[in-house]
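Shown next, in structure tokens, is the structure this report addresses.
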Amino acid sequence: MLEILGLPFLVVYFLLRALKLRGYSRQFGQRLGFLPGSYRQTREGAVWLHAVSVGEVLAAVELLRRLRARLPRAPLFVSSTTLAGRAAAQDKLRGLADGVFYAPLDYCSAVRRVLRRLRPRAVVVMETEIWPNLYREAKRAGCALVVVNGRISDRAWPGYHALAWFFRPVLALPDAILAQSEISAARYLAAGAPAGKMRVAGNLKYDFDPRQAQVPEALRELLERIGPKQVWIAASTMPPAREGDPDEDEAVLEAFQALKRPGLLLMLAPRRPERFDTAAELLERRGIPFLRRSQLRAGDSLELPGVLLLDSIGELSGLFGLADVVFMGGTLARRGGHNILEPAFFRRAIVVGPHLENFAEMARKFSAGGGVYPIAGSAELSGAVASLLEDAGLRSRLGERAGELAEAERGATERAAEEIERQYWQAVPVYRRAQPWYALLWPLSRLWVLGGNWRRSAARPVRLATPVVSVGGLTVGGAGKTPFVLWLAGQLKAQGIEPAILTRGYRRRAPERCTILAPGEQVPVARSGDEAQSYLRSAVGPVGIAADRAAAGRLIEKRFHPAVLLLDDGFQHWSLERSLNIVLLDALDPLGGGESIPLGRLREPPEALQRADMVAIARVEAGQRLDGVEALIRRHNASAPIFRARVVAQGWRPREAEGPVAAFCGLGNPQAFWQTLDGLGIQPVLRREFGDHHRYSVRELRELAGQARARGAQALATTEKDMMNLPDGWPVATGGLEVVWLEVGMEVEGADELLARVRASIV
26 MLEILGLPFL VVYFLLRALK LRGYSRQFGQ RLGFLPGSYR QTREGAVWLH AVSVGEVLAA
86 VELLRRLRAR LPRAPLFVSS TTLAGRAAAQ DKLRGLADGV FYAPLDYCSA VRRVLRRLRP
146 RAVVVMETEI WPNLYREAKR AGCALVVVNG RISDRAWPGY HALAWFFRPV LALPDAILAQ
206 SEISAARYLA AGAPAGKMRV AGNLKYDFDP RQAQVPEALR ELLERIGPKQ VWIAASTMPP
266 AREGDPDEDE AVLEAFQALK RPGLLLMLAP RRPERFDTAA ELLERRGIPF LRRSQLRAGD
326 SLELPGVLLL DSIGELSGLF GLADVVFMGG TLARRGGHNI LEPAFFRRAI VVGPHLENFA
386 EMARKFSAGG GVYPIAGSAE LSGAVASLLE DAGLRSRLGE RAGELAEAER GATERAAEEI
446 ERQYWQAVPV YRRAQPWYAL LWPLSRLWVL GGNWRRSAAR PVRLATPVVS VGGLTVGGAG
506 KTPFVLWLAG QLKAQGIEPA ILTRGYRRRA PERCTILAPG EQVPVARSGD EAQSYLRSAV
566 GPVGIAADRA AAGRLIEKRF HPAVLLLDDG FQHWSLERSL NIVLLDALDP LGGGESIPLG
626 RLREPPEALQ RADMVAIARV EAGQRLDGVE ALIRRHNASA PIFRARVVAQ GWRPREAEGP
686 VAAFCGLGNP QAFWQTLDGL GIQPVLRREF GDHHRYSVRE LRELAGQARA RGAQALATTE
746 KDMMNLPDGW PVATGGLEVV WLEVGMEVEG ADELLARVRA SIV
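Here's what the structure looks like:
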């Protein structure tokens with residue numbers, strides 16, 4: 026139902042694009058999950074952190090720094106729902122986050138678009154943002170889901186408590202919820218969060234580092250020119266929330282005029298950008314000298330006592346160190362207050378009103394510990410500020426106590442980073458593709474599973490005289506089976522064990538049902554299929570090509586007498602008995618989209634791993650942790666040894682391209698090729714993906730070459746498998762644009778143990 030309600034938003038988005046209103050369409054598009062192409066990931070899984078407000082963004086700065094240190098290869102993305110939050114993220118996270126964008130609306134379709142684009146391994150949600158569809162889709166995509174700095178304020182708690190029946194299944198989805206305090210943890214539990222996932226980790230905002238806050242040069246120069254004797258900052262002031270509330274800008278300006286203190290500079294910082302002009306009008310009406318930060322020019326001055334109106338985003342933190350007194354807004358109007366930690370870390374005297382419900386536990390600690398100057402209402406504001414400005418000792422004692430209380434609570438950021446990293450490596454991402462025909466394809470995928478079960482139960486496997494070692498996988502394509510078979514064949518041959526290879530010859534066009542070829546024999550791709558060409562070119566052993574690989578095995582036995590038959594892609598080939606089953610999982614996408622064919626790439630569910638004698642996790646980078654994938658294997662197979670393998674680039678053929686390249690491939694998991702290029706430091710100016718085993722037409726190559734030239738490419742880069750599927754006369758089709766292909770090999774950790782187990786199975 027929600028998805029149907031979201032259709033008008035799509036209409037508005039495409040209308041904005043048609044009218045070429047780029048600023049609006051860009052923002053609206055991001056709300057619908059349409060992120061820029063530059064956000065597409067080719068590296069190890071990203072971390073997507075959602076921080077709504079300016080305060081949450083500032084709290085996220087140190088967290089992102091620590092995640093960058095712990096997960097140096099993981100791209101970091103930050104989303105925000107508010108204009109101010111996104112502006113602060115753009116400013117404060119420059120050089121730290123790989124991308125900042127508007128958070129998608131909580132529609133499944135919008136969230137899925139973002140997940141498909143970012144390919145995150147972990148989704149981190151700050152504070153109390155409970156978005157049911159974001160939570161569900163993140164877990165459906167296999168992501169780790171962590172709530173950090175979690176809190177439920179006094180104001181929000183009655184609503185959560187009343188709707189506990191709704192929130193209970195949603196709060197069961199996160200892998201961990203790190204609450205700010207015991208009170209918030211108790212409220213999460215009462216709202217339905219599982220006790221085993223709850224942890225009190227402290228408040229990230231206590232880890233604010235004042236050394237990172239900088240005073241803008243323009244403001245520093247202004248202060249040097251006007252030389253204020255004292256500075257009062259009114260931070261994050263708010264309009265009334267209910268009838269009877271004061272307008273905090275009005276209250277501050279009334280107190281300022283009542284002070285009549287020579288040389289006093291008031292820095293007035295309204296919380297909301299839409300209040301900047303309102304505050305300027307108030308200043309003009311009262312006849313108070315003022316400057317607007319946004320209009321500050323070199324050489325400007327200000328008569329004191331006067332006001333600097335901070336109509337800017339993200340600069341307030343750096344100015345607290347200049348203040349003698351700070352009034353924290355949102356505490357006179359019933360707004361629940363704002364974060365007092367930043368001025369506390371600068372050891373400033375802080376005045377607060379009676380409303381700090383959003384920071385209830387923090388307020389209690391600071392009030393009990395003498396770290397704030399409390400007032401009951403706006404009538405007391407001028408007196409409180411006057412007392413502090415006149416009494417340097419009182420100011421100093423309050424500021425020191427505030428700093429001590431803030432320092433005592435540090436450490437939440439490190440605890441959060443540690444938990445995120447732990448959950449990050451436990452995750453097993455499921456990279457789902459868009460499925461516009463899901464309702465139609467779902468029954469077909471169920472039929473596929475039923476058909477596979479029937480074929481397995483009905484099979485009567487043939488036993489050959491030669492031992493058979495199967496190398497297969499759970500998914501269609503993409504696990505690196507061909508490089509692994511070549512590696513294994515080469516290793517066995519080097520040890521004096523003559524191998525032969527059996528392969529099905531997918532999509533070959535040959536008159537004979539069974540083709541037996543000698544090592545190195547040259548035949549057209551149409552006769553052998555593209556994968557068999559790699560085996561033939563290696564000349565490592567004879568190759569048998571047939572749908573009935575038992576028949577091909579008998580013919581090879583008679584003609585070549587091999588010591589072992591390597592059954593390529595044979596895990597689901599029920600008609601041939603084997604001595605050993607080696608199953609390959611792709612570290613990049615071990616579950617093949619999480620759905621059975623045709624919805625995804627799974628031939629069998631993960632439960633089939635129980636039949637594996639050995640498991641090799643392919644495409645593993647050096648030092649990469651595989652906690653989640655190994656746990657997945659162990660859930661279904663407690664004893665099979667697990668090995669790690671990686672594809673190694675051996676060089677470009679016929680030679681390395683010079684200058685920019687456009688890349689294309691037709692693989693089961695094209696992400697593998699993009700990651701290999703990324704590891705080589707190659708950023709193609711164009712990427713094109715085609716279906717697995719795709720046979721290219723002259724028209725496609727001509728179109729591809731035209732797009733490549735338009736983007737400045739000097740060559741087309743592809744894989745060995747794709748090179749075999751190019752049409753005759755392809756140099757003419759590319760208009761002379763050079764095509765280079767990457768030759769790859771395989772490295773296996775623990776190779777000696779793996780080979781010993783293979784030898785033992787074939788003796």
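Heads up: the sequence shown is residues 26 to 788, going by my numbering.
C-beta atoms are modelled at their ideal positions from N, C-alpha and C, and glycine is treated no differently.
Item                                                                                                                                                                                                            : Value
Excluding five sequence neighbours on each side, which residues of the same chain lie with their C-beta closer than 7 angstroms to the C-beta of Arg712?                                                        : Ala688 and Trp699
Can you give the Cα-Cα distance for Leu347 and Ala216, rounded to whole angstroms?                                                                                                                              : 42 angstroms
Pick helix, strand or coil for Arg373, following the three-state DSSP scheme.                                                                                                                                   : coil
Using only CA atoms, which one of Leu96, Gln708, Gly648 and Val765 lies nearest to Ala682?                                                                                                                      : Val765
Among Trp677, Glu275 and Val501, which residue has its Cα nearest to the Cα of Glu768?                                                                                                                          : Trp677
Starting from Ile5, trace the alpha helix (DSSP H) both ways and give me its first and last residue.                                                                                                            : For residue 5 there is no data in the structure shown, the boundaries of the chain being 26 and 788.
Determine the DSSP secondary structure at Trp677, reduced to helix, strand or coil.                                                                                                                             : strand
So, with DSSP's three-state summary, where would you put Arg784?                                                                                                                                                : helix
Under the rule that 16 or more other beta-carbon atoms within 10 Å means buried, what is Ala781, buried or exposed?                                                                                             : exposed
Roughly how many whole angstroms lie between the Cα atoms of Gly361 and Arg389?                                                                                                                                 : 14 angstroms
On a CA-only basis, which of Lys117, Arg311 and Gly124 is nearest Leu101? Give me that one, please.                                                                                                             : Gly124
Pick helix, strand or coil for Ala776, following the three-state DSSP scheme.                                                                                                                                   : helix
Given a cut-off of 9 angstroms on the beta-carbon distance, is the pair Pro492 and Ser786 in contact?                                                                                                           : yes
Whether or not the segment 81 to 99 and the segment 714 to 727 are in contact is what I'm after, with contact meaning three or more pairs of Cβ atoms, one per stretch, closer than 8 angstroms; do they touch? : no
Starting from the Cα of Tyr213, find the closest Cα among Arg533, Asn174 and Ala740 and give me that residue.                                                                                                   : Asn174
My output table needs one value for Arg458: the three-state DSSP class, helix, strand or coil.                                                                                                                  : coil
Report yes if the CB atom of Leu810 is closer than 9 angstroms to the CB atom of Leu414, and no otherwise.                                                                                                      : Given that the chain is displayed from residue 26 to residue 788, the structure contains no residue 810 and the question cannot be resolved.
Using a Cβ-Cβ cutoff of less than 8 angstroms, which residues in the same chain neighbour Arg311 once the five nearest sequence positions on both sides are dropped?                                            : Leu278 and Gln282
For my contact list, Leu561 and Val494 are in at a C-beta cut-off of 8 angstroms; report their separation, rounded to the angstrom.                                                                             : About 19 angstroms; that fails the 8 angstroms criterion.
Measure the beta-carbon distance from Phe233 to Glu367 and round it to whole angstroms, keeping in mind my assumption that it falls under 8 angstroms.                                                          : 6 angstroms
State the DSSP-derived secondary structure class of Pro295, mapped to helix, strand or coil.                                                                                                                    : strand
Beta-carbon within less than 7 angstroms of Leu60's beta-carbon, same chain only, minus the 5 sequence neighbours each way: which residues are those?                                                           : Phe126, Val139 and Arg142
Cβ of Phe391 within 8 angstroms of any heavy atom in the ligand SAH?                                                                                                                                            : As far as ligands go, the structure on display features none, and thus does not contain the ligand SAH.
Is it right to say Pro253 is buried, meaning 16 or more other beta carbons lie within 10 angstroms of its own, or is it exposed?                                                                                : buried
Just grab the DSSP bridge partners of Thr744 for me.                                                                                                                                                            : Leu767
Tell me whether Arg669 is buried or exposed, calling it buried when 16 or more other Cβ atoms sit within 10 Å of its Cβ.                                                                                        : buried
Go through its chain and collect everything with a Cβ distance to Glu425's Cβ below 8 angstroms, but skip five positions before and after it.                                                                   : Arg372
Using the three-state DSSP reduction, which class does Pro492 fall into: helix, strand or coil?                                                                                                                 : coil
Is it the case that the Cβ atoms of Ala260 and Leu341 are separated by a distance below 9 angstroms?                                                                                                            : yes
With 16 as the cutoff for other CB atoms within 10 Å, does Met26 come out buried or exposed?                                                                                                                    : Unreliable positioning characterises Met26 in this predicted model, as indicated by a pLDDT of 45, which lies under 50. The coordinate reading is nonetheless provided below. Exposed, by the Cβ-count rule.
Excluding five sequence neighbours on each side, which residues of the same chain lie with their C-beta closer than 6 angstroms to the C-beta of Asp116?                                                        : Gly339
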